[in-house]
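A short write-up of the structure that comes next.
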Amino acid sequence: MIISTGTASGKSLAYLTPAVAACFDGGTVLYLTPTKALAADQLRGLRELRITQVRAACFDGDTPFEERTWIRQHANYVLTNPDMLHRSLLPRHSQWSSFFRRLRMIVVDECHGYRGVFGSHVAQILRRLRRVCSRYGSRPTFILASATASEPGVFAKRLTGLEMDEVTTDASPKGSTTIALWEPPLTELRGEGGAPVRRTATAEAADLLADLVLANVRTLAFIRSRRGAETVAMSARAKLQDVAFSLSAHHTGSHRHPHSGHSHARHATASHGHPAPAAPTERTTAQDDADPSMPHEPRPPASLNRGSDDASTSAGTGVSAGGSAGASTGAGGSAGASTGTGASTSGSAGTGASTSGSAGTGASTSGSAGTGTSGSAGTGTGTGTSGSAGTGTGTSGSAGTGASTSGSAGTGASTSGSAGTSTGTGGVSKPKAATDLSAAVTDLSAAVTRSAAAHPSSLSLTPAGNLRDMAGPRAATDMDAAAGPGATADLSGTADQATPAAVTDPAAPIGGLRDGAELQDAAELPDKIAAYRAGYLAEDRRLLEKALRSGTIMGLATTNALELGVDVSGLDAVLIAGWPGTRASLWQQVGRAGRAGQDALAVLIARDDPLDTYIVHHPDALFGQPVEAIVLDPDNPYVLGPHLCVAAAEIPLTEDDLPTFGDTAADVLADLVSQGLLRRRPNGWFWTKRERATDLADIRGGGGTLIQVVESSTGRLLGSVDEPSAHTTVHTGAVYLHQGETFLVEHLDLDAGVALVSGAAPDYSTFARDITDISIISAHRSHPLGPGTLHFGEVEVTRQVVSYLKRRIQSGEMVGDEPLDLPPRTLRTRAIWWTLPADVVAPLAEQGFDLGGSAHAAEHAAIGLLPLFATCDRWDIGGVSTELHADTGQLTVFVYDGHAGGAGFAERGYARATDWLTATREAIASCECDRGCPSCIQSPKCGNGNDPLDKRGAIHLLDTLLTPPSTSTT
8 MIISTGTASG
18 KSLAYLTPAV
28 AACFDGGTVL
38 YLTPTKALAA
48 DQLRGLRELR
58 ITQVRAACFD
68 GDTPFEERTW
78 IRQHANYVLT
88 NPDMLHRSLL
98 PRHSQWSSFF
108 RRLRMIVVDE
118 CHGYRGVFGS
128 HVAQILRRLR
138 RVCSRYGSRP
148 TFILASATAS
158 EPGVFAKRLT
168 GLEMDEVTTD
178 ASPKGSTTIA
188 LWEPPLTELR
198 GEGGAPVRRT
208 ATAEAADLLA
218 DLVLANVRTL
228 AFIRSRRGAE
238 TVAMSARAKL
248 QDVAFSLSAH
258 HTGSHRHPHS
268 GHSHARHATA
278 SHGHPAPAAP
288 TERTTAQDDA
298 DPSMPHEPRP
308 PASLNRGSDD
318 ASTSAGTGVS
328 AGGSAGASTG
338 AGGSAGASTG
348 TGASTSGSAG
358 TGASTSGSAG
368 TGASTSGSAG
378 TGTSGSAGTG
388 TGTGTSGSAG
398 TGTGTSGSAG
408 TGASTSGSAG
418 TGASTSGSAG
428 TSTGTGGVSK
438 PKAATDLSAA
448 VTDLSAAVTR
458 SAAAHPSSLS
468 LTPAGNLRDM
478 AGPRAATDMD
488 AAAGPGATAD
498 LSGTADQATP
508 AAVTDPAAPI
518 GGLRDGAELQ
528 DAAELPDKIA
538 AYRAGYLAED
548 RRLLEKALRS
558 GTIMGLATTN
568 ALELGVDVSG
578 LDAVLIAGWP
588 GTRASLWQQV
598 GRAGRAGQDA
608 LAVLIARDDP
618 LDTYIVHHPD
628 ALFGQPVEAI
638 VLDPDNPYVL
648 GPHLCVAAAE
658 IPLTEDDLPT
668 FGDTAADVLA
678 DLVSQGLLRR
688 RPNGWFWTKR
698 ERATDLADIR
708 GGGGTLIQVV
718 ESSTGRLLGS
728 VDEPSAHTTV
738 HTGAVYLHQG
748 ETFLVEHLDL
758 DAGVALVSGA
768 APDYSTFARD
778 ITDISIISAH
788 RSHPLGPGTL
798 HFGEVEVTRQ
808 VVSYLKRRIQ
818 SGEMVGDEPL
828 DLPPRTLRTR
838 AIWWTLPADV
848 VAPLAEQGFD
858 LGGSAHAAEH
868 AAIGLLPLFA
878 TCDRWDIGGV
888 STELHADTGQ
898 LTVFVYDGHA
908 GGAGFAERGY
918 ARATDWLTAT
928 REAIASCECD
938 RGCPSCIQSP
948 KCGNGNDPLD
958 KRGAIHLLDT
968 LLTPPSTSTT
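Heads up, the sequence shown is in my numbering, so the first residue is 8 and it goes up one at a time.
Take a look at the structure:
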């Protein structure tokens with residue numbers, strides 16, 4: 008059976024009830040999860056039940072060896088992962104004989120995570136598990152659970168090899184979720200070929216994370232890489248340290264002049280209206296901001312200024328604790344003029360600056376300044392701490408135009424916004440005793456609505472009230488109609504219509520910080536943010552999970568390690584830095600917030616990537632669409648072969664076992680015998696080698712020889728990578744991250760199987776670039792596509808890493824392209840390719856388009872968009888384009904699976920080719936750049952230095968391909 012209902016819909020209870028009953032009846036239960044975090048969370052929940060008959064234990068890489076014997080002999084509810092099942096439980100099944108003999112139920116939780124090559128490996132592991140159970144006379148029931156599985160019954164059958172019933176009806180109560188699609192602004196920096204560079208998604212996420220934590224909004228920020236998660240946490244903590252210093256300085260100043268009407272005289276304008284010079288603002292260094300409990304995390308940049316130098320103008324409304332309004336002109340690091348309405352903490356508006364250094368409509372804490380009286384409107388100028396100008400909400404609760412430490416957004420150089428007029432979430436005040444996000448969502452909804460009304464192409468807000476319908480029948484069943492003001496935002500309304508009321512507690516400064524004793528809380532603000540990822544010690548991960556649940560930590564920057572089902576109830580908001588790869592992952596991450604029926608906020612921050620650009624400009628690609636079909640291919644001979652060897656080593660294979668492993672098992676077995684890996688005897692197939700058969704199947708890697716990563720100064724073994732990945736991850740000069748420590752690779756010796764590294768703290772990341780040659784072995788399927796032809800088949804790819812890029816972590820600026828000398832590698836895999844005859848493309852050349860550059864640009868964009876239609880990452884696939892290919896004699900564009908034997912991604916692209924290539928064309932056309940940039944046609948992997956590329960030519964080439972033959976015009 009597979010249960011496919013929304014997040015927090017009670018799936019755990021659905022399988023836990025029969026599982027506990029099985030334990031009461033003397034049976035055992037095996038629980039499988041993709042991540043250790045989810046297993047630990049499930050174990051915590053089981054132990055809280057205090058049922059003595061249930062002896063639950065985790066059996067994974069973190070389990071002490073002295074506990075493993077007890078678990079094998081006494082535990083009746085074992086929580087583990089596919090890796091341990093593959094390498095320990097099944098090969099040593101005789102030590103688990105009592106457990107397997109009594110096994111009644113196998114729970115496969117978050118099963119949608121088993122996709123691609125990894126999912127194909129897990130499918131074969133589950134078949135081996137069924138075979139071992141049969142050996143001990145047990146026939147356990149399989150229960151699979153997922154919030155985001157497309158065609159759950161079909162997928163579950165492919166994963167387990169068993170017929171499956173499916174449960175998809177979800178009647179659980181839900182809160183509302185407001186979703187914003189957020190595109191960072193273009194900066195003045197220039198990348199390859201002079202292309203504009205956007206502000207990075209991680210920098211935007213750090214700003215928003217700090218803002219939300221200041222507003223007492225418990226937030227989870229999903230970052231795509233381990234290093235990125237730690238960088239976001241460090242940057243956000245640094246910003247909170249600035250706020251803590253500012254609050255402390257303000258408190259000292261106001262007590263120094265308790266009866267003065269100018270307690271902020273350092274920042275206020277003079278009474279005659281001329282601005283007084285602002286005192287220098289002290290800032291802590293990046294080193295001061297480092298958390299001593301995490302000594303090896305990458306340090307943030309010394310400058311955390313959130314503005315830019317672009318001139319811009321913006322108007323808007325701010326909300327904060329006071330309620331007194333005033334008009335103000337603010338100046339920050341971002342040059343520009345803007346006007347706005349705001350309210351001060353004390354209720355007195357006029358000339359001045361807010362507590363945090365937020366400029367605009369400001370007010371002194373104890374009196375009025377400039378023109379106007381307490382509670383009346385006035386005019387003034389001010390300079391903020393962070394140097395970001397625009398309309399927004401200040402750290403102290405003072406709202407208006409200006410610069411704020413916590414993050415106001417504005418025109419052009421918005422704190423967390425897109426180019427043009429935009430409004431950020433920084434400083435949204437949370438009601439003093441509120442347990443939901445109603446006020447924060449109200450403010451954000453109105454703010455984003457104003458921005459979307461002015462610049463709908465750069466920012467989108469989706470009211471969760473429609474998500475049940477928009478996200479498909481199962482993708483968003485956890486989102487009901489919005490309840491309460493602000494949960495839905497009318498994108499067609501005007502800015503005035505969208506202005507929210509100030510729903511705040513006048514007595515409570517931002518973040519609930521009060522005068523006097525609460526300054527200690529202000530000093531502890533940086534400690535409210537931490538990073539979480541795989542690689543931390545188990546006890547550290549458990550402490551972080553507990554701190555997030557209890558509220559000790561208000562913001563956590565994490566990889567997808569917390570995506571799957573971990574109960575972190577009480578979360579108010581989720582930030583997603585970059586498209587997570589699939590709609591399924593997006594809805595999983597969005598579902599982390601608003602659990603237990605709460606309202607929630609989710610923000611998807613676009614990266615400089617074609618797919619991210621397409622999503623923010625085409626929200627209908629998300630909402631109203633079902634989640635992607637989960638792609639896996641258990642019959643892939645490069646996956647099946649190693650598992651047949653492992654199965655023979657566990658229990659000799661017989662003819663009766665072949666149906667369990669699929670129709671191709673007999674042919675693969677014959678090939679394994681010819682290679683000498685197995686020996687055929689009259690009663691079956693046997694593993695005869697002394698080596699461990701499990702080493703043949705690297706279920707999470709690419710296979711091949713392992714390259715050991717060794718610290719040169721100490722000889723310490725840091726880890727290992729598979730040989731195919733070594734060319735791109737541990738080449739000479741690569742930045743390598745291990746458990747929070749950053750290293751530079753000194754030398755990669757492929758013959759010795761070792762990469763020597765040394766500790767370093769570079770301010771850049773590295774990206775390997777390769778050149779590729781491809782030859783067609785056979786075409787399995789073909790059909791016409793416009794005036795061209797679409798093919799799917801088997802190819803041989805020869806790849807060679809030729810150089811690597813250095814790119815600034817914070818800005819994305821390219822700082823170098825270093826050559827490499829590595830041997831070529833050959834890969835036999837599957838690909839999709841399309842061709843156009845010479846007479847069709849000749850008119851494009853006559854119009855001045857570069858045919859090679861046009862095909863090259865279309866190839867890059869197509870690779871970037873395929874993950875929208877197949878459950879893959881752009882790093883799982885590759886491509887080649889040529890104006891004249893030797894095997895076809897025509898202009899040809901290839902996209903191939905980056906795994907031996909194929910992974911099903913190219914085949915999925917073949918099935919959805921028209922939709923995929925149409926989206927590719929739209930992604931290129933909707934990008935605001937002139938000649939191409941990383942958001943549309945440039946690729947970080949391109950070994951040709953992204954040259955030649957022809958953006959306009961790519962659009963015309965795709966138009967030609969997608970034009971039906973009967974109406975084709977040349």
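All C-beta atoms in this analysis are idealised placements derived from N, C-alpha and C, irrespective of residue type, glycine included.
For this session: Please state whether DSSP places P203 in a helix, a strand or coil.
Result: strand
Exercise. By Cβ distance below 7 Å, which residues in the same chain neighbour L684 in space, the five residues on each side in sequence not counted?
Worked result: C652
Problem set entry | Beta-carbon proximity check, H867 vs Q945, cutoff 8 Å | yes
For this session: Determine, using beta-carbon pairs with one atom in the region 783–791 and one in the region 744–757, whether at least three such pairs fall under 8 Å.
Result: no
Problem set entry | Whether Y38 touches D116 by CB criterion (8 Å) | yes
Problem set entry | Cross-strand partners of K813 (DSSP beta bridge) | T773, G823
Exercise. So what does DSSP say about E698, is it helix, strand or coil?
Worked result: E698 falls in the coil class under three-state DSSP.
For this session: Mark L466 as exposed unless 16 or more other C-beta atoms lie within 10 angstroms of its C-beta, in which case mark it buried.
Result: Any answer about L466 is weak, because its pLDDT of 42 lies below 50 and its placement is not dependable; what the coordinates show is given next. By the 10 Å Cβ count, L466 comes out buried.
For this session: List the DSSP bridge partners of M112.
Result: V36, T148
Exercise. Which class does W586 belong to by DSSP, given the choice of helix, strand or coil?
Worked result: DSSP, read as helix, strand or coil, puts W586 in coil.
Problem set entry | Assigned secondary structure, G722 (DSSP; H/G/I helix, E/B strand, else coil) | Three-state DSSP puts G722 in coil, outside helix and strand.
Problem set entry | Three-state secondary structure (DSSP) of P689 | coil
For this session: Starting from C140, follow the alpha helix (DSSP H) in both directions and report where the run begins and ends.
Result: In this chain, the alpha helix (DSSP H) harbouring C140 covers 123–142.
Problem set entry | Cβ neighbour criterion (16 or more within 10 Å) applied to R57 | exposed
Problem set entry | Between the CA atoms of Q131 and L110 - distance to the nearest angstrom | 19 Å
Problem set entry | Reduced DSSP category for P633 - H, G, I as helix; E, B as strand; rest coil | Looking at P633 - three-state DSSP - the assignment turns out to be coil, as it is neither helix nor strand.
Exercise. Which of helix, strand or coil does DSSP assign to I9?
Worked result: Looking at I9 - three-state DSSP - the assignment turns out to be strand.
For this session: Determine the burial state of K553: buried for a count of at least 16 other Cβ atoms within 10 Å of its Cβ, exposed for fewer.
Result: exposed
Exercise. What number of angstroms, rounded off, separates the C-alpha of T735 from the C-alpha of R62?
Worked result: 45 Å
Exercise. Does the separation of the CB atoms of F162 and I637 fall below 8 Å?
Worked result: yes
For this session: Consult DSSP for G905 and reduce its assignment to one of helix, strand or coil.
Result: coil
For this session: Write down the C-beta distance between G911 and L639 rounded to the nearest angstrom, noting that I regard them as a contact closer than 8 Å.
Result: Rounded, the Cβ-Cβ distance is 6 Å, consistent with contact.
Problem set entry | Simplified DSSP assignment, three categories, for P791 | strand
For this session: Return the chain-ordered list of same chain residues with a C-beta closer than 8 Å to the C-beta of G144, the five sequence neighbours on each side being excluded.
Result: Taken in chain order, the residues that qualify are R108.
Exercise. Looking at S141 and V634, is the spacing between their C-beta atoms short of 8 Å?
Worked result: no
Exercise. Could you give the residue range of the beta strand (DSSP E) that holds G562?
Worked result: 562–565
Problem set entry | R915 versus D883: straight-line alpha-carbon distance, rounded | The straight-line gap from Cα to Cα measures roughly 13 Å.
Exercise. Can you name the start and end residues of the beta strand (DSSP E) that L53 belongs to?
Worked result: Looking at the DSSP string, L53 is not in any beta strand (DSSP E); the run it does join, the alpha helix (DSSP H), is 43–56.
Problem set entry | Residue range of the alpha helix (DSSP H) that includes I706 | Note, I706: premise wrong, no alpha helix (DSSP H); not H, not E.
For this session: Label K246 either buried or exposed according to how many other C-beta atoms from any shown protein chain fall within 10 Å of its C-beta, with 16 as the threshold for buried.
Result: Buried is the call here.
Exercise. Closest by CA to F750, which one among L725, D214, D729?
Worked result: L725
Exercise. Start and end of the alpha helix (DSSP H) containing S19?
Worked result: 18–31
Problem set entry | Residue from V822, A46, P641 with nearest C-alpha to G168 | P641
Exercise. Is there contact between the region 713–729 and the region 759–769, where contact requires at least three CB pairs shorter than 8 Å?
Worked result: Yes, the region 713–729 touches the region 759–769.
Exercise. Ordered along the chain, which non-local residues of its own chain (more than five positions away) have a Cβ less than 7 Å from that of V675?
Worked result: P644, L647, G648, L651
Exercise. Is R540 helix, strand or coil by DSSP?
Worked result: coil
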